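Okay, structure first, notes after.
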């Protein structure tokens, strides 16, 4: 165990397993990083993670807390209906968690569901054609990308079914007229997917804003790039999202973050 | 959850300032600092005004000449509805009477709106200059759908006639686009006004990004924007901004708590 791990382990409160504490530290780091990278919207939206074990318990942000204040111990444990498990000194906002719980319950192998209103993503979500095959950066994501039509704020039972169906085996979901959602078998995987998707969206906005003729890519090149993306990012593949996670945590450590408390 | 982590001020309150007034002063100074931090300030220009609790119809406003990140609770100038100065700790700095014309008109017509906030942001001015006004493209914009009023531009000098037209244009709404000029919100508290302005600004940013791309827009299904707007009304779920406010103050306190002075 490295020095940083020892420090984090030393903060673990009694009654929380090492497995749960590790997820808590990862999830708190994700909130901090989402804020640092400019994808947060005050206290809005959720990033959720499954607590290891058979109980179907999840961790979520305390309601009203800004992302740059969230710590491992302030995250709230809830069940799939958004009810607080055990005791918490903080409330939760179950409203947006409906999307998260639908995916967590529909795909139990996924650890993390990250939803953001990152600026590039929201703008692309309003465009009929969605993410365009304009660049390598967007093409290699397209095999992993799905869309879900906007139905309004409150998700009912039927929409939960549709959102799980729309996501399918993909890792990236554009919520039309709303924002972005990524999932991962680890918190780091979901975060890095979001980073890649938001970057592709921002590039698209820059490109289209220029108002000039676009340089088209042939169908052959597009198809090959999508297939390459599927191979690159597959589990265990050379670019599997999440490899960057230790470095991202180191970035937080250098910035003096106290998310691990 | 401890809802207010504000340090108790050890210093006595300035003479003639009630604890209730001081509390509004701290909130209003915080709103100026936050407006600056979130990139919505315009040097020394524009105003955020708040009503002093009590029967006197007194208001607090920024001294003309200070940047928003210099404003603190004690530097705010107290004036009446006619623009007479009631208290000014720095007589070398006065307030901008032309700018207060808009604010005083709104305060007089809408006594329940204790805080009036006006900005000149790039995206807010951008949408204010568009004939179509704010479009319900994204979920963040849909919350304002049908709740936004528009006032036509007549030039920088406000005469008394224009005040009447501005009030008639605002009607019962809380959000006003000053065409070819900027945006204005009138809300029950400083916290709600800042929050509304933050979201309105986000909605304008998304719209400007989307329109700049000149791509086909995916409009939400008919009827959905109305449902979204209803669900965000203060009386439907909660008055947005109140829950977030202590966290906003903590964010300022971590960086620079001098707004409380």
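Residue numbers (my numbering), protein chains in the order written: chain L, 94 to 354; chain R, 436 to 696.
For glycine and all other residues, C-beta sits at the position ideal for the given N, C-alpha and C.
Note that this is a predicted model, so its numbers are computed, not measured.
A straight-line Cα-Cα distance of about 8 Å links residue 114 of chain L and residue 106 of chain L.
When 9 Å is used as the limit between beta carbons, residue 649 of chain R is near these residues of chain L: 301, 302, 304, in chain order. The beta carbon of residue 487 of chain R lies closer than 7 Å to those of 456, 459, 493, 494, 495, 513 in the same chain, with the five residues before and after it left out. With a threshold of 8 Å between beta carbons, residue 529 of chain R makes no contact with chain L. Contact between residue 542 of chain R and residue 660 of chain R does not hold, since the beta-carbon distance rounds to 30 Å and is not under 8 Å. Contact annotation, residue 208 of chain L with residue 189 of chain L: C-beta distance approximately 7 Å; criterion of less than 8 Å satisfied. The count of Cβ pairs closer than 8 Å, one atom from the region 625-641 of chain R and one from the region 464-471 of chain R, reaches three, so the stretches are in contact.
Nearest to residue 285 of chain L by C-alpha distance, out of L:321, L:245, L:249, L:340, is L:340. For residue 687 of chain R, the closest Cβ of chain L is not nearer than 8 Å. According to the DSSP assignment, residue 622 of chain R belongs to the beta strand (DSSP E) that extends over 617-622. Cβ neighbours of residue 215 of chain L within its own chain (closer than 6 Å, five residues either side excluded): 272.
If you check the CB distance, residue 602 of chain R and residue 563 of chain R do not come in under 8 Å.
An exposed status is given to residue 328 of chain L, since fewer than 16 other beta-carbon atoms sit within 10 Å of its beta-carbon.
Within the same chain, Cβ atoms closer than 8 Å to the Cβ of residue 577 of chain R are found at 571, 655, 659, 660, 663, 664, the five residues on either side in sequence being excluded.
Counted as a single uninterrupted DSSP element, the beta strand (DSSP E) harbouring residue 140 of chain L occupies residues 140-143. The CB of residue 476 of chain R never comes closer than 9 Å to any CB in chain L; the least such distance is about 18 Å. A check of alpha carbon separations from residue 451 of chain R across R:620, R:524, R:482 identifies R:524 as the nearest. The Cβ of residue 666 of chain R sits closer than 8 Å to at least one Cβ of chain L. Secondary structure within the region 241-280 of chain L: the beta strand (DSSP E) runs of 3 or more consecutive residues, fully enclosed, are 265-268, 272-277 (chain order). Beta bridge pairing from DSSP links residue 472 of chain R with no other residue. Taking residue 471 of chain R as the centre and dropping the five residues before and after it, the same chain places the C-beta of 503, 504 closer than 6 Å to its C-beta, in chain order. Interface annotation, residue 691 of chain R: not in contact with chain L, CB-CB separation never under 8 Å.
Of all residues in the region 545-574 of chain R, only 572, 573, 574 come within less than 7 Å of chain L when Cβ atoms are compared, listed by chain position.
Rounded to the nearest angstrom, the gap between the Cα atoms of residue 613 of chain R and residue 528 of chain R is 27 Å. Between residue 291 of chain L and residue 211 of chain L, the CB-CB gap stays under 8 Å. Put simply, the backbone Cα of residue 226 of chain L is about 25 Å away from that of residue 574 of chain R. If you draw a straight line from the Cα of residue 233 of chain L to the Cα of residue 119 of chain L, it comes to about 26 Å.
At least one CB of chain L lies nearer than 8 Å to the CB of residue 659 of chain R. Put simply, of L:277, L:125, L:104 the residue whose alpha carbon is nearest the alpha carbon of residue 343 of chain L is L:125. Taking 8 Å as the CB threshold, residue 163 of chain L stays off the interface with chain R. Per the C-alpha coordinates, the member of R:621, R:696, R:611 positioned closest to residue 639 of chain R is R:611. Burial is judged here by how many other beta carbons sit within 10 angstroms of a residue's own beta carbon; residue 218 of chain L has at least 16 and is buried. The alpha carbon of residue 184 of chain L has as its nearest neighbour, out of L:160, L:260, L:153, L:165, the alpha carbon of L:153. Taking C-alpha positions only, residue 123 of chain L is separated from residue 281 of chain L by approximately 8 Å. Counting C-beta atoms within 10 angstroms of its own C-beta, residue 139 of chain L has 16 or more neighbours from the protein chains shown and is therefore classed as buried.
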